[in-house]
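To keep things clear, I will list the structure first and then write my remarks on it.
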Amino acid sequence: MLKRFFGKIGIAEVLLFISVLILIVVVAVPVLLILWTALFVDGSLNTKDIIHILSQPGTYEALKNSLVIAGGVTVLSTIIGVFFAWLVSRTDLPFKETMKVLFLVPFMLPSFIGALAWKMLLSPRSGYINKFLVDIFSLDASPFNIYGLGGIIAVETMYLFPFVFIQVAGALERMDPTLEESARISGAGLLTITRRITLPLMLPGIAAGALLVALYSLAHFGVPAILGTESGIYNIPTKIYEQIYQSGGSFVAIRTGTILSSILIVAAGLILYAQNLVLRAGRFQVIAGKSMRPTLLKLRGLKIPILIFSLLYIFITVILPTATIFLVGTLKTYGIAFTWENMSLQNLKYILFDWRMTRDAIWNSFYLSLAAAMITMVVGVLISYTIVKMKVRGKFILEFLGVLPFSVPGTVIALGVILTWSGKFGINLYNTAWIIFVAYIARYMAFSLKSNSAALEQVDDSLEEAARACGATHWQSLRDIVIPLIKPGMVAAFFLIFLPALRELTTSVLLYGPTTRTIGVAIYALNEDGETVYAATLASVALVIIIVGQLVIKRITRTTVQGV
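Following our numbering from start to finish, the sequence shown increments by one per residue and tops out at 575.
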């Protein structure tokens, strides 16, 4: 009977139905519940609570701080990203290929661990750089204070500028050089060409990258939580966390959180709408099939100084904070000098083997990330196949639902998951690992869809048609032809989910229970409790896992691609 039913409606419709059902349950329902809980009470419009919460000074300050942080980070990231992208794409800067890789390193590292490192370096009372400068120059007070809006903006910029760098560098390298060559023949200098032609042509890409930075910065929890809350500075995500944490997770606090989350949803929607307008308005051709390469600007005497400046930037933003985390993690007590006598591996042993809280956090992060990556990868293949290969109506619903969690802050996803899976529909996952697992699937579904869809686009339909002509069923052609050909995309999707989930903080910090801390949550909790050395030790473990994971990605992806 089922076979007759499926045969009647067609395999495409079945896959579409299953895909839509998964995304509605995992993605749409949590987001809709946030809006419903914020806007309605007992079926009536909740204007009283909305006006009360939005009119509070704390809400206004949090919103203002969110906008200031997002604006500052966006401007600085755009300037830095465009500058370095132009350097590696349009100048004769030495070691350009190496520099490209180095400029992408911050993209791979957790920003909240970077914030922890800069707290250790520039804290006004105990920061190592501050203490060094006070001792050397006999200063009366510390010259730097990392706590505050300036510190938050600076640290977030260090880790978000690669979004602009990637977009602009790729576009510059593929851009049709005809216009630039014509201007050069007309007598224009390279700097004039860059200012009058190259940059205007790149504006859509620059704006798209900048808006992506704004979207991320608006939703950041870790950096503002570490560098802001100590001095009373909150943005919307940290304000939501404070409301729920102080109330012990009461429904009143959750309702307040949904109203604040609605602000983030509206802001995210406006940013995505603006990005769409920019991309639509900028649909003039800048990429062509010509092999001619654009003329490179010769830096001449500035070559070495600019190279040194670039390396110094990498040292300050990547090497210095990363080394600080590893060094502080070996100290017997925080604040003492970095000498052999003061260092020990005992902290590492204690974190990995003796302290149950951190040991469980590592294990929780590993199995939750692994399970979420596996399930999301498989489901992503199913949904991507429906989007790319199936000729059915309504596929745009899948694309919209798939990228929706990526477009809204992790705090919003966490609140939606709490509302959905805390007994409202007969299933209570609150304070269990399952609720984090469901949130990870929702949060990272877009990664799987993007990677698998790109791989499926490269598989010609004729291969499946040939298999079907030879008598293979739809499932057999999928199993024997399509899946083997898209393995690189599936492997990439797996690691694109596994590594971010392994270090995730923004979503997990609202969902963890007494026994379900993750690495990110444990690092944050240790820092909040004043256990700076143990926080650094656990952060060191996380960084090693991330670095090893990135190397494994490269090796497996390269091997898989060569084997296909």
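Backbone N, C-alpha and C define an ideal beta-carbon position, used for all residues, glycine too.
Near residue i, what residues of its chain come up, given a Cβ to Cβ distance below 7 Å and the 5 sequence neighbours on each side ignored?
i: ILE492; result: LEU474, GLU475, ALA478
i: VAL179; result: GLY92, VAL93, ALA96, MET213, GLY216, ILE217, GLY220
i: VAL145; result: SER153
i: SER77; result: LEU229, ASN246, ILE247
i: MET119; result: ILE557, GLN561
i: GLY524; result: ASN442, THR443
i: VAL31; result: ILE408, LEU409
i: LEU507; result: PHE458, SER462
i: TYR139; result: MET131, LEU132
i: ARG566; result: none
Determine the burial state of residue i: buried for a count of at least 16 other Cβ atoms within 10 Å of its Cβ, exposed for fewer.
i: GLY300; result: With a pLDDT of 48 at GLY300, under the threshold of 50, the modelled position of this residue cannot be trusted; read the value that follows with caution. It is exposed - the Cβ of GLY300 has fewer than 16 other Cβ atoms within 10 Å.
i: TYR284; result: exposed
i: SER302; result: Low per-residue confidence applies at SER302: pLDDT is 46, beneath 50, and the placement is therefore not dependable, though the value from the model is reported in the following sentence. Burial call: exposed.
i: ALA431; result: In the sequence on display, residue 431 carries Thr and not Ala. With 16 or more Cβ atoms within 10 Å of its Cβ, THR431 is classed as buried.
i: THR269; result: buried
i: ILE298; result: Because ILE298 sits at a pLDDT of 48, beneath the cut-off of 50, its placement in the model cannot be relied upon, and the following sentence gives the value as read from the coordinates. By the 10 Å Cβ count, ILE298 comes out exposed.
i: ASN463; result: buried
i: ASN375; result: buried
i: TYR71; result: exposed
i: TRP129; result: buried
i: HIS63; result: exposed
i: GLN487; result: exposed
i: PHE51; result: exposed
i: LYS250; result: buried
i: GLN254; result: buried
i: VAL559; result: exposed
i: PHE448; result: buried
i: GLY427; result: buried
i: MET385; result: exposed
i: VAL37; result: buried
i: ARG266; result: buried
i: PRO495; result: exposed
i: PHE326; result: exposed
i: GLY162; result: buried
i: TYR535; result: buried
i: SER55; result: exposed
i: TYR256; result: exposed
i: TYR378; result: exposed
Can you check DSSP and say which residues form a bridge with residue i?
i: ASN439; result: SER433
i: MET354; result: LEU342
i: LEU308; result: THR102
Here's a check: name, in chain order, each residue in its chain whose Cβ is nearer than 6 Å to the Cβ of residue i, leaving out the five neighbours to either side.
i: ASN156; result: PRO135
i: THR85; result: ALA221, VAL224, ALA225
i: GLN296; result: Because the pLDDT at GLN296 is just 48, under 50, the model does not fix this residue reliably, and the value given afterwards should be weighed accordingly. If we look at GLN296 and ignore the five residues flanking it on each side, it has no Cβ neighbours.
i: PHE337; result: SER551
i: PHE172; result: SER88, ILE91, GLY92
i: ILE124; result: ALA550
i: LYS400; result: none
i: VAL389; result: none
i: VAL42; result: GLY427
Looking only at its own chain, which residues have a Cβ that is under 8 Å from the Cβ of residue i, when we skip the five neighbours before and after it?
i: ILE29; result: LEU393
i: GLU410; result: ILE398, LEU460
i: LEU104; result: LEU98, MET110, LEU310, LYS314, ILE317, LEU318, SER321
i: ALA372; result: ARG528, THR529, ILE530, VAL532, ALA533, LEU549
i: ALA425; result: ALA450, THR517, THR518, SER519, VAL520, LEU521, LEU522
i: ARG207; result: ALA194, ALA199
Regarding residue i and the ligand MN, is the C-beta to nearest heavy atom distance less than 7 Å?
i: VAL428; result: Absence of the ligand MN from the depicted structure is noted, as is the absence of any ligand whatsoever, leaving it without description.
Please check if any C-beta of chain C sits within less than 8 Å of the C-beta of residue i.
i: LEU363; result: Here chain C cannot be found, since the structure has a single protein chain.
### Unbroken stretches of the alpha helix (DSSP H), 4 residues or longer, contained in the region 453 to 485
472 to 480
### Task
Return the chain-ordered ranges of every alpha helix (DSSP H) run that is complete within the region 23 to 61 and spans a minimum of 4 residues.
40 to 50
### Query
Which residue spans inside the region 115 to 183 form an unbroken alpha helix (DSSP H) run of at least 4?
122 to 133, 139 to 148
#### Entry: the region 448 to 456 touching the region 411 to 424, judged by at least three CB pairs closer than 8 Å
yes
#### Entry: Contained alpha helix (DSSP H) runs [length at least 4] in the region 199 to 277, N- to C-terminal order
201 to 204, 210 to 230, 233 to 238, 247 to 258
### Query
Three or more beta-carbon pairs under 8 Å between the region 337 to 350 and the region 540 to 557, yes or no?
yes
### Task
Run through the region 489 to 547 for me and flag every whole alpha helix (DSSP H) of 4 or more residues, listed as ranges in chain order.
498 to 513, 530 to 539
#### Entry: Stretch pair the region 498 to 505 + the region 527 to 540: three plus CB contacts closer than 8 Å
no
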